[in-house]
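When we follow this note's numbering, the leftmost residue of the sequence shown carries the number 10, and every step to the right adds one. Glycine included, every Cβ here is placed at the ideal spot set by N, Cα and C.
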Amino acid sequence: AENYLSIPIDTYPNPLYSMSKEKLLKLTAPEFKHLTSISHRTKEEQDQYCHNIIEITFETILEDPEKVARLLNSIKDTETKSILVATLSKAFCNDNIQLSILNYIVDPTSKKFRTGFFKVLTNILHLKGKTTEERGVILLSYLRLLSLTNIINAEPLILTTNVYSKIINSIPPSKFSELYSYLFHVNIQTTLLETLKVLRKTLLRGTQSDRFVARTGWINPKWHDLLTTSFSEIHQKKMINFFSIDDLREITDISVREKDTPTASLYLNLLVAKFEQKCASQTPLRLDDSNSLDDVQIVIRVIVNYLMAFKGAKSCLQVLKYCIKNKLEIEFPLLLVIMRNLRLSGHFKEALLLINNIPLQNLSYQDRSSLVQEVLMLIKSRYPGTPNVLIGYTAAMLGGSVAGENSGLKLLNKLHLLELTYGSGALGEMASFESIQEASIDDKLTGFEFTSNTLANVYETILDSYDRADLTPNFINSLYDIYIKEVLKSLANETPIQPFTAESMNDRVVNHLISYLLRTSPGGRANFKIDSNLERYEVAKRIFTDFIANVELSRKDITVSLIDLLVHTSLEVHSDYNFASKVVRYSRERHLPFTFNQIYPFIIHHYNKNEYKVAELWYKQLTNSGAKTTAPPAKNLFRIARELNWDVNGFAYRRKNIEKNYKKREELAKIHADPIVFLGENDTEDAITEELVNGIHAEKSDSNFSEELSALLYSSEL
């Protein structure tokens with residue numbers, strides 16, 4: 010076979026133009042790209058080539074639209090191309106689908122394509138003799154063909170709320186990620202940005218595969234694709250066109266939270282590119298899109314979050330300097346991001362310094378509520394296992410709106426948590442609150458109510474203050490009974506109290522109780538060192554079973570790690586298949602995504618019983634959902650897959666994982682070595698070279714950091 014890639018660029022005549030149709034179809038993308046870079050001298054040379062393109066387009070536009078797009082767009086001569094397009098348009102005049110794909114390839118921003126697109130869409134949605142589901146299948150097929158052309162549509166196609174509703178109602182939830190990927194590639198959006206955001210958020214709460222599609226628009230990703238962090242230039246341009254500033258903020262922040270440096274770096278760069286695109290655009294803003302001032306604040310918040318997480322807490326100084334120098338307002342959301350990162354990195358002194366410099370009189374009620382939650386998280390982190398300090402702050406801040414009646418303390422007393430902390434250490438209610446010392450707090454941060462999360466934090470801090478030997482199954486069982494009694498009493502009331510309303514309930518308190526029963530070191534987030542004591546397990550089963558029987562939670566209020574813990578303990582420690590199945594069934598009925606820690610125990614259970622077919626079914630669930638694997642169990646799993654010759658043997662996944670881990674190290678090294686280029690500052694003395702901060706328990710205090718932060722806060726005139 011001829012090596013077309015070795016043909017010199019000045020070759021004449023270009024062999025591309027004399028090729029047969031069969032040879033043309035066999036060319037690889039790199040070969041085609043190389044040959045089209047070789048020039049021609051006359052239009053006549055292309056006659057045979059153009060004839061081939063017409064035939065190939067007519068025969069394969071529905072089979073390989075990307076190849077057709079590549080061939081058509083290789084014709085640079087305007088006159089020749091218009092003759093080609095006119096010939097093909099005439100051939101497709103009785104087929105609106107094929108004509109629409111052709112017009113999209115030629116120019117997706119043209120009136121001809123856009124008029125035809127909405128006509129095809131309307132026809133599909135109103136097809137007679139077809140069920141809603143059948144229309145949905147036809148619609149997905151049409152959008153897929155447009156998507157596979159790999160053409161960039163720089164101007165979004167805007168759907169009305171009514172049309173979008175008809176589309177979404179014709180697609181089953183199992184196909185939502187497929188639909189979303191096509192909307193992404195064709196750049197189809199909705200009149201109101203929030204409408205499409207609902208679909209994206211649904212996917213972000215789904216499987217790892219769904220989440221990947223929501224973040225990237227990838228069509229039908231394989232398991233190993235989910236580890237992809239590098240995308241083609243065309244794909245990145247589509248990301249910039251399709252995602253809003255706020256979409257890119259959210260994805261970057263999620264990646265930072267997950268410590269996924271390569272993905273966070275990618276989306277931060279996309280965010281900056283999107284911001285620059287919006288600034289340069291002459292197109293009027295959508296009514297509900299963010300304005301340039303909002304965008305500046307969003308970009309700065311994302312940058313400071315990224316830098317503080319990956320480069321070190323002191324990175325916030327450079328961002329604050331930049332804001333002051335450029336006379337940008339330092340808004341509360343930015344301060345909240347800095348506070349949270351100071352807390353997470355153990356810089357408690359600096360976090361308190363920042364809190365004390367915030368002008369509370371300028372904050373909205375919602376801002377003050379957010380600040381209260383952050384202060385309580387800071388106290389919990391600063392004084393772990395010291396419940397009297399945390400309760401002192403909750404007593405001051407979460408006393409409720411009725412003067413003279415501290416609803417927060419009353420709630421903690423009903424739950425027997427005050428007697429445990431301030432009294433005898435036994436379960437019971439306190440007769441008086443005199444021994445409880447409330448923290449001295451500005452009035453503007455008082456009068457708030459408990460939330461499920463703040464209550465769970467109190468439980469965790471109290472449990473953490475005990476020696477594990479004292480946290481007996483009987484004690485935790487009694488603590489749960491007291492808790493559920495108050496929950497049910499509130500839910501049965503016409504005016505339920507916070508945090509026990511149907512809307513605000515979650516399972517975090519139960520999660521802590523079960524964790525302290527089963528884990529040998531409950532503080533370890535991913536710790537699966539399980540106590541094999543049968544009594545502890547039976548109490549954990551009883552608590553979970555009773556709770557789900559009495560309290561109905563929505564998907565977002567269920568802790569996935571609790572499901573992981575229960576499945577792992579029941580199957581791998583106690584061989585309790587029935588209970589493990591019950592837990593997984595509960596999770597699936599509420600559409601929670603599968604995780605590796607839920608599926609792996611089932612695979613091993615059936616493998617050990619020589620039930621290889623059933624084990625393989627569970628393995629397929631794992632690969633189809635795209636669940637992230639955790640080592641070393643993953644190595645054992647891939648060994649089994651190879652031993653039993655299962656379809657997916659894990660080689661591609663492991664290779665991608667190694668590549669991604671290498672890229673993580675590479676990105677971190679780059680972040681530490683380079684100045685903060687996003688902010689337009691590259692003076693050598695401003696380059697921050699702090700090591701990545703680890704751990705949150707040991708308090709870190711740098712007098713220079715505190716002094717410089719204090720000086721910046723003073724000069725910023727917050």
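The segment 430-450 makes no contact with the segment 493-511, as fewer than three CB pairs between them are under 8 Å. Shown here, I333 sits in a helix according to DSSP, grouped into three states. Going by C-alpha positions, I450 is about 13 Å away from I367. Between the alpha carbons of Q630 and I608 lies a gap of roughly 8 Å.
Unbroken alpha helix (DSSP H) stretches of 4 residues or longer found wholly inside the segment 136-164: 141-156, given in chain order. Secondary structure at Q198: strand, using DSSP grouped into helix, strand and coil. If you look at I557, you'll find it in the alpha helix (DSSP H) that goes L543 to N559. One Cα belongs to L601, the other to L213, and the distance between them is close to 11 Å. Cα atoms of R310 and S513: separation of roughly 28 Å, rounded to the nearest angstrom. Beyond the five residues adjoining it in sequence on each side, V328 comes within less than 6 Å, by CB distance, of V313 in the same chain, given in chain order.
Rounded to whole angstroms, S48 and N350 show a C-alpha spacing of 56 Å. If only uninterrupted beta strand (DSSP E) runs of at least 3 residues are considered, those enclosed by the segment 184-242 are 197-199.
Of the candidates L148, K52, F193 and T272, T272 places its Cα closest to the Cα of K672. In this structure, M406 sits near L454, with a CB-CB distance shorter than 7 Å.
With fewer than 16 other Cβ atoms from the protein chains shown falling within 10 Å of its own Cβ, I667 counts as exposed. The Cβ-Cβ distance between G635 and S218 falls below 7 Å. Looking only at T395, G417, S373 and Y402, the smallest Cα-Cα distance to V384 is reached by Y402. Taking one beta carbon from each stretch, the segment 66-79 and the segment 151-171 have 3 or more pairs nearer than 8 Å; the two touch. Beta bridge pairing from DSSP links L168 with T199. Just measuring C-alpha positions, the residue of K323, A223 and E338 sitting nearest F357 is K323.
Under the three-state reduction of DSSP output, I400 falls in the helix class. C-alpha of I65 to C-alpha of V129: approximately 23 Å in a straight line. Secondary structure in the segment 283-365: no beta strand (DSSP E) run of 3 residues or longer lies completely within the stretch. Taking a cut-off of 8 Å on C-beta distances, the segment 405-419 does not touch the segment 476-493, as fewer than three cross pairs fall below it.
In the structure shown, the three-state DSSP call for R599 is coil. Below 8 Å, too few C-beta pairs join the segment 572-582 and the segment 183-203 to call them touching: fewer than three.
Under a 10 Å Cβ-count criterion, H521 is classified as buried, with 16 or more other Cβ atoms of the shown protein chains found around its own Cβ. In the DSSP secondary-structure assignment, I539 is bridged to R528. Note on geometry: alpha-carbon atoms of N61 and S29 lie some 8 Å from one another.
Across the structure, N250 and N178 are spaced so that their CA atoms are roughly 26 Å apart. In this structure V346 is buried. Its beta-carbon is surrounded by 16 or more other beta-carbon atoms within 10 angstroms.
When K85, I110 and D490 are compared, the shortest CA-CA separation from L97 is found for I110.
Runs of the beta strand (DSSP E) spanning 3 or more residues and lying entirely within the segment 454-540 do not occur at all. Residue environment: N23 is assigned as buried (16 or more neighbouring CB atoms within 10 Å of its CB, all protein chains considered). Here V467 really is in contact with L399; their C-beta atoms are around 6 Å apart, less than 8 Å. Taking the Cα positions, L420 is about 17 Å away from A511.
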